[in-house]
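Numbering (the UniProt record's numbering), first residue to last: 1 to 399. These notes are about the structure you will find just below.
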Amino acid sequence: MPQLAQRVGRAKPSAIMVIAEKAKQLKAAGRDIISFSIGVPNFLPGEHVYAAAREALQHDSGQYGSNRGADVLLDAFLVHIEKLGFKGYGRANLSIGIGAKQLLYNLGEALLNEGEEICFAAPFWTTYRDIADILGAKANILHCGPEQNYKLTPAQLDGALARKPKVFLFNNPSNPTGMVYTRDEIAALAEVLVKYPETWIITDDIYNSMVFDGIGYHNFVHVKPELKDRLIFVDSVSKTYGMPGWRVGVIAAPENVAKAITTLNSNHITSLPEVITAAAVAAFSGPQDIPEAKCKEFAAKRDIVVNALRAIPGVVCPYPQGAFYAFPDISVAFGKSYQGVKINDDVELCAVLLEAVGVACVPGSAFGEPRAMRISYTCPTAQLQPGLERIQAFFAALT
Ligand code: PMP
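Structure below.
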């Protein structure tokens, strides 16, 4: 029999999808399941986005488009990122992908040779490790536990960069923790970054519109503009505009990186469809009232979630200030039993929570932190309280 390539064996099925799939099956079998598992926004884009897509469909050329992205999209993105504080970028700094995920994979291909090192903090978004594994790069994972609020410290970053990794990958606000770095924290990390000019910096900031408590969204280039020569800002319409299925990601990067991604696009994907492009343009340049309203809604839900989790004795929940995730340390349950079933770790805990209690959460080990689990609170508010009460009852029943 012919064999599959080794890189496929290194890719693991997403733990998030495994839980989500199981939850779906149980629901289909008639069980009452509340899902806190999947990280997709619970809203749709504004009518102006659909109107732009319909209009584009009327005039669709049906042809291939630009490998870099259509000029209208690039121009709309330039205006959008200027408002986020990215100054002095032009079309030559940009390129597109089928969502941020494909762009991140392409960036890995563009920047990492086999065996070279990429470093990033744990807890991390699951795909980061998979990209490193598939590409045969070495992942240096910097553990940032709940005792440091899941945030990377300048000393940790300094230690990692002293090894001269090829790439430092940073995610703010964070999936899975919901943590957001303050301007001072970003400035302190940027101080370290300027010391190591041989390392590329990728900032995956696709949750930049969802920051609470007036902290604001900050990037290293805002405080150290000289980092612009080796920093790649990754953005997407998925979370900000409620458009995960439309699959549009954009980067702002040094020209040589944007050109490399454009060349890879010419081999991988060619271009984005015209209808999708028009929808993304409308999202970036249209009214921003939906993301703004959603941000407020998520902040209010965050309070409900954190208060409920902190009311459970022994559960530690660092305070998330962005995205739509909470990442409580639930290790107090390990070694205990629920209705006679022993719970040894996060995976077993999430399995019992789903099967016996009817709440789907994702085990923290999927994100490199086995003491925790991820709660995504995008579900309707009416489900939030009952779901949290089930979790509280589960912990109260442990023996
Ligand atoms: N980065 C992070 C941190 C994410 O959470 C996700 C999606 N869950 C992505 C990137 C990928 O986003 P997209 O839908 O644009 O591919």
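In this text, a Cβ means the ideal position worked out from N, Cα and C, and glycines have one as well. Nothing here was measured: the structure is a model prediction, and the numbers come from that model.
Cβ-heavy atom distance, residue i to the ligand PMP, below 8 Å
{"i": "R247", "result": "yes"}
{"i": "A100", "result": "yes"}
{"i": "P244", "result": "yes"}
{"i": "K239", "result": "yes"}
{"i": "G39", "result": "yes"}
{"i": "S236", "result": "yes"}
{"i": "W125", "result": "yes"}
{"i": "N208", "result": "no"}
{"i": "D213", "result": "no"}
{"i": "N219", "result": "no"}
{"i": "D345", "result": "no"}
{"i": "N171", "result": "yes"}
{"i": "L231", "result": "no"}
{"i": "residue 402", "result": "There is no way to answer for residue 402, as the model of the chain reaches only from 1 to 399."}
{"i": "N175", "result": "yes"}
{"i": "D130", "result": "no"}
{"i": "D204", "result": "yes"}
Residue i versus residue j: straight-line alpha-carbon distance, rounded
{"i": "P273", "j": "G65", "result": "7 Å"}
{"i": "F284", "j": "M243", "result": "12 Å"}
{"i": "I201", "j": "K87", "result": "17 Å"}
{"i": "F367", "j": "G30", "result": "30 Å"}
{"i": "V332", "j": "V315", "result": "6 Å"}
{"i": "P173", "j": "E297", "result": "17 Å"}
{"i": "residue 478", "j": "S61", "result": "Absent from the model: residue 478. The displayed extent of the chain is 1 to 399, so no value can be given."}
{"i": "I186", "j": "S37", "result": "29 Å"}
{"i": "L152", "j": "Y319", "result": "15 Å"}
{"i": "A372", "j": "V72", "result": "43 Å"}
{"i": "F77", "j": "P370", "result": "38 Å"}
{"i": "A360", "j": "S35", "result": "5 Å"}
{"i": "Y181", "j": "Q288", "result": "23 Å"}
{"i": "G286", "j": "L44", "result": "14 Å"}
{"i": "N344", "j": "R68", "result": "49 Å"}
{"i": "F168", "j": "A139", "result": "10 Å"}
{"i": "D133", "j": "Q58", "result": "43 Å"}
{"i": "P386", "j": "K83", "result": "39 Å"}
{"i": "V194", "j": "S337", "result": "50 Å"}
{"i": "E109", "j": "L94", "result": "17 Å"}
{"i": "G90", "j": "V250", "result": "13 Å"}
First and last residue of the uninterrupted beta strand (DSSP E) at residue i
{"i": "M373", "result": "373-376"}
{"i": "N171", "result": "167-171"}
{"i": "D204", "result": "200-204"}
{"i": "F86", "result": "Note, F86: premise wrong, no beta strand (DSSP E); not H, not E."}
{"i": "V211", "result": "V211 -> no beta strand (DSSP E), and no H or E assigned at all."}
{"i": "I251", "result": "249-252"}
{"i": "R117", "result": "A small correction: the amino acid at residue 117 is Glu; Arg does not occupy that position in the sequence shown. Note, E117: beta strand (DSSP E), 117-122."}
{"i": "L142", "result": "138-143"}
Burial state of residue i (16 or more Cβ within 10 Å)
{"i": "S209", "result": "buried"}
{"i": "R54", "result": "exposed"}
{"i": "residue 401", "result": "Lying outside 1 to 399, the shown extent of the chain, residue 401 is not represented and no answer is given."}
{"i": "residue 400", "result": "There is simply no residue 400 to check, as the chain begins at 1 and stops at 399 in what is shown."}
{"i": "R247", "result": "buried"}
{"i": "H218", "result": "buried"}
{"i": "N267", "result": "exposed"}
{"i": "Q3", "result": "exposed"}
{"i": "T399", "result": "exposed"}
{"i": "R183", "result": "exposed"}
{"i": "P13", "result": "exposed"}
{"i": "G99", "result": "buried"}
{"i": "T270", "result": "exposed"}
{"i": "G46", "result": "buried"}
{"i": "T381", "result": "exposed"}
{"i": "G39", "result": "buried"}
{"i": "K101", "result": "buried"}
Endpoints, alpha helix (DSSP H) assigned at residue i
{"i": "S266", "result": "255-268"}
{"i": "S285", "result": "274-285"}
{"i": "V234", "result": "Where V234 is concerned, there is no enclosing alpha helix (DSSP H), although the beta strand (DSSP E) it sits in stretches over 231-236."}
{"i": "F395", "result": "381-396"}
{"i": "E47", "result": "47-58"}
{"i": "E21", "result": "15-28"}
{"i": "V221", "result": "220-223"}
{"i": "G108", "result": "99-111"}
{"i": "C295", "result": "289-310"}
{"i": "A190", "result": "183-193"}
{"i": "I330", "result": "Per DSSP, I330 belongs to no alpha helix (DSSP H) and is neither H nor E."}
{"i": "A356", "result": "Note, A356: premise wrong, no alpha helix (DSSP H); not H, not E."}
{"i": "A160", "result": "154-161"}
{"i": "A9", "result": "As written in the sequence, residue 9 is Gly, which differs from the Ala given in the question. Note, G9: alpha helix (DSSP H), 6-10."}
{"i": "L44", "result": "Taken as a continuous stretch (DSSP letters only), L44 belongs to no alpha helix (DSSP H), as it is neither H nor E."}
{"i": "R68", "result": "From DSSP, R68 is part of no alpha helix (DSSP H); its letter is neither H nor E."}
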